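Residue numbers (our numbering): 3 to 332.
From the three backbone atoms N, C-alpha and C, an ideal C-beta is built for every residue, glycine too.
It should be emphasised that the depicted structure is a prediction, and the values quoted were computed from it without experimental measurement.
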Ligand SMILES: [Zn+2]
């Protein structure tokens, strides 16, 4: 099967994990930014997490270098444009890209400029390619409560203009949801949709809390609902959608092998699943590759894929006109 030709939708993709390595080298060279190497092969080694990575925290170390070149309006715009362009080239028709605005203030940008620059890059791509998109603002769980409020407040004026949702990401501790009840409740009140990274590192109960305490409509990963019956049941009953990322899940050791990935089992049992990259560069993958893995590993049918594609449409935070258009590709 030609996986590139398949129409695709991506709901879970981090901007800072998806830079073209050549862009990192180019920006670093022009701006005199110190990076470990200007050789493509060497820099790729620094950026890509190995499949034998030890943990999520090990995986997250790969984001340090990209961050160095994401500190100006022009660079953020370019990097976003390139991500959407790369996705469009492999027939991704709609993509929600997430990023943590507070990570891009190291050289004095303010949050509004950061969000606007990413929006501009997305708009540039929409003008040139057959791809639509929206943005999700991520709050880092490792940062203070005040910084989560800051993201919610400063992103508010972009709602309806390309920003659609709020997310919590980074390392996952047990019971993290309790800490973020207030900012996420405020976000919901303002009209943000809610997706939360949870159940990625062995703690299924975090998924239960993300749904009950934070009102998560979608869950990033959610692998470990397999070990927590309450979480499993609430996800199934409330039709909470799981954004699953097979390669990333092997790298972070959420699962040890692709064959152990629960995506198809969940799907067969009526859990709403979607296929995503998480990070194109850090996971050294594409949507075509993730689809290929799911097709080959679980021998899924085209009909199964169609159901997953339709789930992605149902679950995406786009307007109804966009959703209708997306249905026509399949
Ligand atoms: Zn993620």
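Residue 253 beta carbon less than 8 angstroms from that of residue 55: In this structure, residue 253 lies closer than 8 angstroms to residue 55 by Cβ.
Report the residue from 70, 257 and 305 whose alpha carbon sits nearest the alpha carbon of residue 53. The candidate whose alpha carbon is nearest that of residue 53 is 257.
Residue 97 - DSSP class collapsed to helix/strand/coil: Note: residue 97 maps to strand in three-state DSSP.
In three-state DSSP terms, what is residue 169? Correct three-state label for residue 169: strand.
Report the option in 107, 92, 20 and 191 whose CA atom is closest to the CA atom of residue 65. Comparing Cα positions, the closest option is 20.
Return yes when the C-beta of residue 126 is under 7 angstroms from any heavy atom of ligand 1, and no when it is not. If you check the C-beta of residue 126 against ligand 1, you find no heavy atom less than 7 angstroms away.
How big is the Cα-Cα spacing for residue 17 and residue 301? The straight-line gap separating the alpha-carbon atoms of residue 17 and residue 301 is approximately 30 angstroms.
Tell me the start and end of each unbroken alpha helix (DSSP H) in the segment 157-222 that is at least 4 residues and wholly inside, in chain order. Taking only runs of at least 4 residues, the alpha helix (DSSP H) segments lying wholly in the segment 157-222 are 183-192 and 207-214.
Buried or exposed, going by whether 16 or more other CB atoms sit within 10 Å of the CB of residue 195? Buried.
Which word fits residue 231, buried or exposed, when buried means at least 16 other C-beta atoms lie within 10 angstroms of its C-beta? Using a 10 angstroms sphere on the CB of residue 231, the tally of other CB atoms stays under 16, which defines it as exposed.
Environment of ligand 1 in chain order, Cβ to heavy atom below 6 angstroms: Every residue whose beta carbon comes nearer than 6 angstroms to a heavy atom of ligand 1 appears here in chain order: 14, 16, 171, 199, 222 and 280.
With a 10 Å radius around its C-beta and 16 neighbouring C-beta atoms as the bar for buried, classify residue 169 as buried or exposed. With 16 or more Cβ atoms within 10 Å of its Cβ, residue 169 is classed as buried.
Tell me residue 153's beta-bridge partners as DSSP assigns them. Looking at the DSSP output, residue 153 bridges to nothing.
Residue 269 and residue 245 closer than 8 angstroms at C-beta: Between residue 269 and residue 245, the CB-CB gap reaches or exceeds 8 angstroms.
Are the beta-carbon atoms belonging to residue 72 and residue 104 less than 8 angstroms from one another? Judged by their CB atoms, residue 72 and residue 104 are not nearer to each other than the 8 angstroms cut-off.
Residue range of the unbroken beta strand (DSSP E) whose run includes residue 140: 134-142 is the extent of the beta strand (DSSP E) around residue 140.
Beta-carbon spacing of residue 67, residue 100 below 8 angstroms: No, the Cβ-Cβ distance between residue 67 and residue 100 is not below 8 angstroms.
Can you confirm whether the segment 125-137 touches the segment 81-90 when touching is taken to mean that 3 or more C-beta pairs between the two stretches lie within less than 8 angstroms? The segment 81-90 is in contact with the segment 125-137.
Mind checking whether residue 9 and residue 49 have CB atoms under 8 angstroms apart? Between residue 9 and residue 49, the CB-CB gap reaches or exceeds 8 angstroms.
Who are residue 16's beta bridge partners in DSSP? Secondary-structure assignment with DSSP links residue 16 through a beta bridge to 100.
Thinking just about the alpha-carbon of each residue, which of 93, 291, 142 and 317 is nearest to the one in residue 62? Residue 142 is the option with its Cα nearest to residue 62.
Just to confirm, is the Cβ distance from residue 264 to residue 294 under 8 angstroms? Result no, Cβ atoms of residue 264 and residue 294 do not sit closer than 8 angstroms.
What is the DSSP secondary structure of residue 8, reduced to helix, strand or coil? Three-state DSSP puts residue 8 in coil, outside helix and strand.
Rounded to a whole number of angstroms, what is the C-alpha to C-alpha distance between residue 285 and residue 279? Within the model, the alpha-carbon separation for residue 285 versus residue 279 is close to 7 angstroms.
Expected contact under 8 angstroms - CB spacing of residue 216 and residue 179 to nearest Å: Right, the Cβ-Cβ distance comes to about 5 angstroms (below 8 angstroms), so this counts as a contact.
Would you report the Cα separation of residue 27 and residue 40, rounded to the nearest angstrom? For the pair residue 27 and residue 40, the Cα-to-Cα distance works out to about 6 angstroms.
Three-state secondary structure assigned by DSSP to residue 280: In the displayed model, residue 280 falls within a strand according to three-state DSSP.
For residue 203, which residues of its own chain have a beta-carbon under 6 angstroms away from its beta-carbon, when the five flanking residues on both sides are left out? Excluding sequence neighbours, residue 203 sits near 58 and 174.
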